[in-house]
Structures are given as structure tokens and as C-alpha cells.
Amino acid sequence: MARVLFRLRLFLGRIFRLDAEPKDTLVASFASRLTPEDRARSLVVSGTPEGPFRVVYRLEDEQLLEIQNRTVHAAALSALAERAGSYRFYFAVYVRQGTWITAFYMSLIDPFRKWMIYPAMLKQIRATWDQNI
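In case it helps, the numbering used here puts the sequence shown at residues 1259 to 1391.
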């Protein structure tokens, strides 16, 4: 179901040109805030495309991906922390208002993100983790 919703979103994004990066980007990429040390530690060059996102940085146990289009300027952070005898996975999405449509758009998709997209995504991450153990 989550894949169907994501495909629908991409389809509507193409029709309404929601996924085009703004021509007059007022907000710099989060990568502009990285220190030279952070850039050197990253396993992937900042700005490398990954699906609809760009990699800001990727470390062995943490990554920050960014998307900036006509609806949002957002970042997805994931981190894996080792604990005594286990691991804990952290996931967060940060959204910064890009245009007047951001608040409306986010409130419209909020139930789908919380009840369908994120649970399906985390379930897939868990399955991949379990498969690789």
C-alpha cells in the first residue's frame, strides 16, 4: 500500500511539477553547514543523488539525506547506536517550510506518513536487518 501511495505521489508530483527544485533557492543545502572534518569523514560525497534525495553525509552508523523541491525542504536522519547486547535505530524527518504550500501539503499527507509510509519503511528496514544477521 505504501508503494502505491508513493507512486501516486510521484505521479501527481510530475503533473503539478511539485518535485522540481526551486530555481531561486533561498535556503542553502544542509551540506553547506558541514565542517571540513565532517566532509572528510563522509563515506559519500555531499550532494550525491540517491533516489529523490541528495546525500548530505553518510558515516558508518549515521546518514542525513535531503530533499528540496516546490513543497518542502526536508532532511531524513537515520542512525544506528550500539547498546549492551543490541542496537537501537533512530529515524527522524525534519521539514522546513519552502513555500506557502508546505504547511497545507504536510497536513494533507501527515496521516499517510504516520500510519502507512513510515511503518512500512521501518518494517522493510527491520526485515533487511534480520536478513543480514
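Note that CB positions come from ideal geometry on N, CA and C, so glycine has one too. In this text, all values refer to a predicted model and were calculated from it rather than measured experimentally.
Check                                                                                          : Outcome
Same chain only: Cβ atoms within 6 Å of S1336, ignoring 5 sequence neighbours per side         : Q1321, F1349
Nearest residue (CA-CA) to V1302, options S1287, E1318, L1276                                  : E1318
7 Å Cβ shell around P1377 - same chain, five flanking residues per side excluded               : none
Local Cβ density within 10 Å of V1330, reported as buried at 16 or more and exposed below that : buried
Through-space distance from Y1352 to A1334, alpha-carbon basis                                 : 6 Å
Per DSSP, cross-strand counterpart(s) of I1383                                                 : Answer by DSSP bridge pairing: none, since I1383 is not bridged.
Sub-7 Å separation of I1316 and S1300 beta-carbons                                             : The sequence given here places Arg at residue 1316; Ile does not occur at that position. It is a contact, given that the beta carbons lie within the stated cut-off.
Entirely enclosed alpha helix (DSSP H) segments - the region 1268-1342, minimum 4 residues     : 1294-1299
7 Å Cβ cutoff met for V1314 and A1339                                                          : no
Cβ-Cβ separation, L1276 to N1327 (assumed contact under 8 Å), whole Å                          : 6 Å
Boundaries of the beta strand (DSSP E) in which R1354 is found, first to last residue          : 1344-1355
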